[in-house]
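J.: Using numbering that gives the first Met the number 0, the letters of the sequence shown map in sequence onto residues 0 to 231.
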Amino acid sequence: MTRAMLAIWSDVAAEQETDYLHWLTREHTAERVGVPGFEGVRVFRADLAGVCRYLILYDLADPSVLTSPAYLARLNAPTPWSRRVMPTLRNFARGGGRLRAERGTGRGGHLLPLRLGAPAAGADALLEALVAEDRICAARLLEVDREGSDVATSERALRGGDASFAGLLLVEATGAAALRAAMSRHRPALAALGAEASDPPLYTPVFALRRADLEGEAVGPPDQGPAPLPQA
């Protein structure tokens, strides 16, 4: 049962996007989901013209996974492929913690993630109102554990600094227009939670992996990552 999540944003240069996606889908996410306590991952791309912005959402069994010995061992032993990719990522933001509230069911084809500037207390009524809107299937509220998210590691040093956020609201829907309309109707309540952007982009899922998908395979990191495609 998913009780916690880890959210990671980054921007990728257009000429490096294919290599980045190969790294995610052929090595990195399998390495992470192979760590005890990681239950699965979904990767999203922002619906933005001219910007390659990605969001990675990991499902965790518990917030303590963020500081578990097995996970920290991975963070302190990046693969050669990770050592090459991570310094190229821009606008990196990372935060994990407990799922404080969840309404609705399932996963939608459109996601609106809203980073919050303050711990989101008393948001249950907002989540109830959101999932009552047309075509909204689920709303989840993550309370970020800053201590667990900000541990100094070798991977963190490669990136040169991560942006932080206090909370995260995830709203999923079966239609993009309906999702935007719902956000517009609830703008005052969202602003009260310290939502960062007044017109945030929607995100579309591009990849998913569950721990069950790795059954019968080695779930640790590969000895050697596949060779990336040459850059044009």
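Even for Gly, the Cβ is constructed at its ideal location relative to N, Cα and C.
Taking 7 angstroms as the limit between beta carbons, can you name the residues of its chain near V34, skipping five residues before and five after?
T.: Excluding positions up to five away in sequence, the list reads A69, Y70, R73.
J.: Return helix, strand or coil for V143, following the three-state DSSP convention.
T.: Reduced to three states, the DSSP call for V143 is strand.
J.: Taking A177 as the reference, give the member of T17, P62, R134, E101 with the closest Cα.
T.: Among T17, P62, R134, E101, the Cα nearest to that of A177 is on R134.
J.: Short of 6 angstroms in beta carbon distance, which residues of its chain neighbour A175, apart from the five on each side in sequence? Order them along the chain.
T.: For A175, where only same-chain residues beyond five positions count, the Cβ hits under 6 angstroms are H109, L201.
J.: Please state the DSSP three-state secondary structure of T203.
T.: Residue state, collapsed to three classes: strand.
J.: Run through DSSP, which three-state label would E171 get?
T.: Three-state DSSP puts E171 in a strand.
J.: Secondary structure at P112, three-state DSSP: helix, strand or coil?
T.: Of the three classes helix, strand and coil, the one that applies to P112 here is strand, per DSSP.
J.: Expressed to the nearest angstrom, what Euclidean distance is found between the alpha-carbon atoms of L59 and R186?
T.: When rounded, the distance between both Cα atoms is 29 angstroms.
J.: For the 8 angstroms Cβ check, are there 3 or more pairs between the stretch 1 to 8 and the stretch 89 to 98?
T.: A contact exists between the stretch 1 to 8 and the stretch 89 to 98.
J.: For E132, does the three-state DSSP call read helix, strand or coil?
T.: Looking at E132 - three-state DSSP - the assignment turns out to be coil, as it is neither helix nor strand.
J.: Cβ of E154 within 7 angstroms of Cβ of P77?
T.: Yes, the pair counts as a contact, with Cβ atoms nearer than the cut-off.
J.: Does the contact criterion of 3 or more C-beta pairs under 8 angstroms hold for the stretch 195 to 214 versus the stretch 37 to 50?
T.: In short, these stretches touch, since the Cβ pair count reaches three.
J.: Assuming the contact rule is C-beta atoms closer than 8 angstroms, A165 and L140 should be a hit. Round their C-beta distance to whole Å, please.
T.: Not a contact, Cβ separation roughly 11 angstroms.
J.: Give the straight-line distance between the Cα atoms of G116 and T17, rounded to the nearest whole angstrom.
T.: For G116 and T17, the distance between alpha carbons rounds to 32 angstroms.
J.: Is it the case that the CB of E16 approaches a heavy atom of the ligand SAM more closely than 6 angstroms?
T.: Inclusion of the ligand SAM in the displayed structure is not the case, the ligand content being empty and no account of it being possible.
J.: Below 7 angstroms between beta carbons: does that hold for A138 and R184?
T.: Result no, Cβ atoms of A138 and R184 do not sit closer than 7 angstroms.
J.: In the DSSP output, which residue or residues are listed as bridge partners for F43?
T.: Its beta-bridge partners are L54, P204.
J.: Report the CB separation of A181 from L125 in whole angstroms; it is logged as a contact under 8 angstroms.
T.: So it is not a contact: roughly 11 angstroms between Cβ atoms.
J.: Across which residues does DSSP place E30 in a beta bridge pair?
T.: None, per the DSSP bridge assignment.
J.: For E26, count neighbouring C-beta atoms within 10 Å of its own C-beta (all shown protein chains included) and say buried if the count is 16 or more, exposed if not.
T.: With 16 or more other Cβ atoms within 10 Å, it is buried.
J.: If we call anything under 7 angstroms between Cβ atoms a contact, is D161 one with F91?
T.: Contact flag set, yes.
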